[in-house]
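Visitor: In the order they appear, the protein sequences are chains A and B. So the first sequence is residues 1 to 132, counted in this note's numbering. So the second sequence is residues 1001 to 1168, counted in this note's numbering.
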Amino acid sequence: MSYAITQSRRLDATFAALADPTRRAILARLASGDATVNDLTKPFKMSQPAISKHLKVLERAGLISHIQVAQSRPRRIEAAPLKEATDWLENYRKFWEEQFERLDELLEELKLASETETTDTHKKKRRKKNGK
Amino acid sequence: MANKTEVKAEPGKQELYIIREFDAPRELLFRAHTEAGLYEKWVGPKDMKMSVEKMDAVAGGSFSFVHERGGHQYKFFGVYHDVTAPERLIGTFEFDGLPERGHVILGTTRFEELPNGRSRLVHQSVFQSVQDRDGMVASGMERGVTEGYEKLDTMLGTMIARTHAAEK
Chain A
1 MSYAITQSRR LDATFAALAD PTRRAILARL ASGDATVNDL TKPFKMSQPA
51 ISKHLKVLER AGLISHIQVA QSRPRRIEAA PLKEATDWLE NYRKFWEEQF
101 ERLDELLEEL KLASETETTD THKKKRRKKN GK
Chain B
1001 MANKTEVKAE PGKQELYIIR EFDAPRELLF RAHTEAGLYE KWVGPKDMKM
1051 SVEKMDAVAG GSFSFVHERG GHQYKFFGVY HDVTAPERLI GTFEFDGLPE
1101 RGHVILGTTR FEELPNGRSR LVHQSVFQSV QDRDGMVASG MERGVTEGYE
1151 KLDTMLGTMI ARTHAAEK
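#1: Can you confirm whether A35/A, when its beta carbon is compared against all beta carbons of chain B, has any partner nearer than 9 Å?
#2: Between which two residues does the beta strand (DSSP E) harbouring G1037/B extend?
#3: Compare the beta carbon distance of H1103/B and I1018/B with 9 Å and say whether it is the shorter of the two.
#4: When the Cα atoms are used, what is the spatial distance from A35/A to L82/A?
#5: Leaving out five residues on either side along the sequence, give the residues of the same chain with a beta carbon under 8 Å from the beta carbon of S1062/B.
#6: Is there a C-beta anywhere in chain B that falls below 9 Å from the one on F44/A?
#7: What are the partner residues of R1069/B, as DSSP defines its beta bridges?
#8: From which residue to which residue does the alpha helix (DSSP H) around V57/A run?
#9: Quick one: which chain B residues come within Cβ less than 8 Å of A19/A?
#10: Measure the C-alpha to C-alpha separation of E1021/B and T1084/B and round it to an integer number of angstroms.
#11: Spell out whether any CB of chain A is found under 9 Å from the CB atom of F1022/B.
#12: Helix, strand or coil: which one does DSSP assign to G1097/B?
#13: Between K1041/B, G1012/B, R1110/B and S1119/B, which has its C-alpha nearest Q1128/B's C-alpha?
#14: Report yes or no: do three or more beta-carbon pairs, one from the segment 36-47 of chain A and one from the segment 68-79 of chain A, lie closer than 8 Å?
#15: Quick one: residues in its chain with C-beta nearer than 7 Å to the C-beta of V57/A, no 5 flanking neighbours on either side, listed in chain order?
#16: Taking 9 Å as the CB-CB cut-off, is V1007/B touching chain A?
#17: When the Cα of E108/A is compared with those of L1038/B, V1052/B, L1106/B and M1048/B, which residue comes out closest?
#18: Taking Cβ positions, are L110/A and L1114/B nearer each other than 9 Å?
#19: Contact criterion: CB-CB distance below 9 Å. Does A1057/B meet it with respect to chain A?
#20: Kindly give me the distance between the Cβ atoms of E1015/B and V1126/B, rounded to whole angstroms, as I take these residues to be in contact under 8 Å.
#21: First and last residue of the beta strand (DSSP E) that includes Q1014/B?
#22: Verify whether the separation of the beta carbon atoms of L1089/B and T1034/B is less than 9 Å.
#23: Evaluate Q143/A with the Cβ neighbour count: other Cβ atoms within 10 Å of its Cβ, from every protein chain shown; 16 or more gives buried, anything less gives exposed.
#24: Mark E78/A as exposed unless 16 or more other C-beta atoms lie within 10 angstroms of its C-beta, in which case mark it buried.
#25: Using a threshold of 9 Å, state whether the C-beta atoms of D12/A and Q1131/B are closer than that.
#26: Could you check how far apart the C-beta atoms of S1051/B and F1065/B are, in whole angstroms? I think they sit under 8 Å.
#27: Apart from the five residues just before and just after A1032/B, which ones in its own chain have a Cβ nearer than 6 Å to its Cβ?
#28: Identify the contact partners of A1032/B in chain A, using a Cβ-Cβ distance below 9 Å as the criterion.
#29: Examine chain E for any beta-carbon lying closer than 9 Å to the beta-carbon of E98/A, and answer yes or no.
#30: Short of 8 Å in beta carbon distance, which residues of its chain neighbour F15/A, apart from the five on each side in sequence? Order them along the chain.
#31: Going by C-alpha to C-alpha distance, which of V1137/B, V1058/B, E1087/B and F1111/B sits closest to E1036/B?
#32: With a threshold of 8 Å (Cβ to nearest heavy atom), would T1109/B be considered close to the ligand ZN?
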């Protein structure tokens, strides 16, 4: 369960960072390449300090990092936490899909059983179930 | 199988949805959810033994079932609030293995009729907190994936993501 708890905390940080539209737009911009604070400020009607604040939140959640290139510190997107945020739900979905595939098989059996049954419905069903 | 399972869980919300279509009438789908002998056959992780202890699918009735693997038991239980054959099931659901009591989930499952003898299941789970929901999803993930593979997967996933990021 401890793995789930640590992961759950990490996901809280990821989702909290993703909950803001400006931060999502920043991530979308960074997905197409590294960018400096100046580059990132241009498309938004916001001050540079406001953008820097958003960048700090993203950095704390591990969604971006910065690199040192000469005088500038371009920001870079980090894919791993985003991948974890999508995998989180995808693995749960797969867990249900696996169960539903078993349910599909069971429903096929039930359909066949109800097609072949004529009069003594209940007894036949019991026998079929126990015979499996 | 063409029928896709859809899970919706928006960040920061206390609910999640599970949606799936079936190539069978909803009467059978309803039975597979309310008869112990049938429920046992499809619910639970595939590497665990599933036993229904009780399943009294009437309003006010209760259910409990156990998943077992290597001597470890995981028990779930709850109470039926509304049982309307063949269209709706409403009830509570709780995992017995948590350190404290009371993390109850309110579940509503609707079985919708579709043309040509098909049906659609729409399940909603409402949790007491966002943490409860996210914890449940994360533990479902733990149960659903074999441990060894899970670690390998995470490792590979991180490596692949890093490589992609580095290439940019």
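Built from N, CA and C at the ideal position, the CB exists for glycine as well.
Guide: Inspection of the coordinates gives the following:
#1: Position 35 of the first sequence, counted from the start, is the residue given in the question as residue 35/A. Not an interface residue.
#2: In the second sequence, the residue the question calls residue 1037/B occupies position 37. G1037/B -> not in any beta strand (DSSP E); alpha helix (DSSP H) instead, spanning A1036 to W1042.
#3: Along the second sequence, one-based indexing puts residue 1103/B at 103. Along the second sequence, one-based indexing puts residue 1018/B at 18. No, the Cβ-Cβ distance between H1103/B and I1018/B is not below 9 Å.
#4: In the first sequence, the residue the question calls residue 35/A occupies position 35. In the first sequence, the residue the question calls residue 82/A occupies position 82. Answer to the nearest angstrom: the Cα atoms are 19 Å apart.
#5: Here the question's residue 1062/B lines up with position 62 in the second sequence. If we look at S1062/B and ignore the five residues flanking it on each side, its Cβ neighbours are K1054, D1056, F1077, G1078, V1079 and Y1080.
#6: Indexing the first sequence from 1 puts residue 44/A at position 44. It does not: the Cβ of F44/A has no partner Cβ on chain B nearer than 9 Å.
#7: For the purposes of this step, residue 1069/B is taken as the residue at position 69 of the second sequence. Per DSSP, H1072/B.
#8: Here residue 57/A corresponds to residue number 57 of the first sequence, with the count starting at 1. Run containing V57/A: Q48 to R60, per the alpha helix (DSSP H) assignment.
#9: By 1-based counting over the first sequence, the position of residue 19/A is 19. Under the 8 Å cutoff, chain B gives P1011 and G1012.
#10: Sequence index remark: in the second sequence, residue 1021/B carries index 21 (1-based). Sequence index remark: in the second sequence, residue 1084/B carries index 84 (1-based). If I take the Cα positions, the gap works out to 19 Å.
#11: Against the second sequence, residue 1022/B aligns to sequence position 22. Answer yes: the Cβ-Cβ gap between F1022/B and chain A drops below 9 Å somewhere.
#12: Against the second sequence, residue 1097/B aligns to sequence position 97. DSSP places G1097/B in coil when its eight states are reduced to three.
#13: Counted from its first residue, the second sequence places residue 1128/B at position 128. Closest option to Q1128/B, Cα to Cα, is G1012/B.
#14: yes
#15: Here residue 57/A refers to the residue found at position 57 when the first sequence is read from its first residue. So the list reads A17 and R23, once near-sequence residues are dropped.
#16: Start at 1 with the first residue of the second sequence, and residue 1007/B comes out as number 7. So yes, V1007/B belongs to the interface.
#17: Taking the first residue of the first sequence as 1, we reach residue 108/A at position 108. The candidate whose alpha carbon is nearest that of E108/A is L1038/B.
#18: Residue 110/A sits at position 110 when you count from the first residue of the first sequence. Residue 1114/B sits at position 114 when you count from the first residue of the second sequence. Result no, Cβ atoms of L110/A and L1114/B do not sit closer than 9 Å.
#19: For the purposes of this step, residue 1057/B is identified with residue 57 of the second sequence, where counting begins at 1. Chain A, which has no Cβ nearer than 9 Å to the Cβ of A1057/B, makes this no.
#20: Here residue 1015/B corresponds to residue number 15 of the second sequence, with the count starting at 1. Here residue 1126/B corresponds to residue number 126 of the second sequence, with the count starting at 1. Between V1126/B and E1015/B the Cβ distance is about 5 Å, and since that is below 8 Å, they are a contact.
#21: Taking the first residue of the second sequence as 1, we reach residue 1014/B at position 14. Segment: none, Q1014/B is in no beta strand (DSSP E) and carries neither H nor E.
#22: Within the second sequence, the letter at position 89 stands for residue 1089/B. Within the second sequence, the letter at position 34 stands for residue 1034/B. Yes, the pair counts as a contact, with Cβ atoms nearer than the cut-off.
#23: Here chain A covers residues 1 to 132 and nothing more, so residue 143/A does not appear.
#24: On the first sequence, position 78 is the one that residue 78/A refers to. Counting Cβ neighbours within 10 Å, E78/A comes out buried, since at least 16 surround it.
#25: For the purposes of this step, residue 12/A is identified with residue 12 of the first sequence, where counting begins at 1. For the purposes of this step, residue 1131/B is identified with residue 131 of the second sequence, where counting begins at 1. Their beta carbons are under 9 Å apart, which means D12/A touches Q1131/B by this criterion.
#26: Along the second sequence, read from residue 1 onward, the residue named residue 1051/B stands at position 51. Along the second sequence, read from residue 1 onward, the residue named residue 1065/B stands at position 65. At roughly 6 Å, the Cβ-Cβ gap stays under 8 Å, so S1051/B and F1065/B are in contact.
#27: On the second sequence, residue 1032/B is found 32 positions in, with the first residue counted as 1. L1038, listed in sequence order.
#28: Here residue 1032/B is taken as the residue at index 32 of the second sequence, counted from 1. Simply L103, L106, L107 and L110.
#29: Among the protein chains in the structure shown, which are A and B, there is no chain E.
#30: As a first step, residue 15/A must be located in the first sequence, where it is residue number 15. So the list reads A85, once near-sequence residues are dropped.
#31: Against the second sequence, residue 1036/B aligns to sequence position 36. According to the sequence provided, residue 1036/B is Ala. The question's Glu does not apply to it. Comparing Cα-Cα distances from A1036/B to each of V1137/B, V1058/B, E1087/B and F1111/B, the minimum goes to V1058/B.
#32: This structure lacks the ligand ZN; in fact it carries no ligand of any kind.
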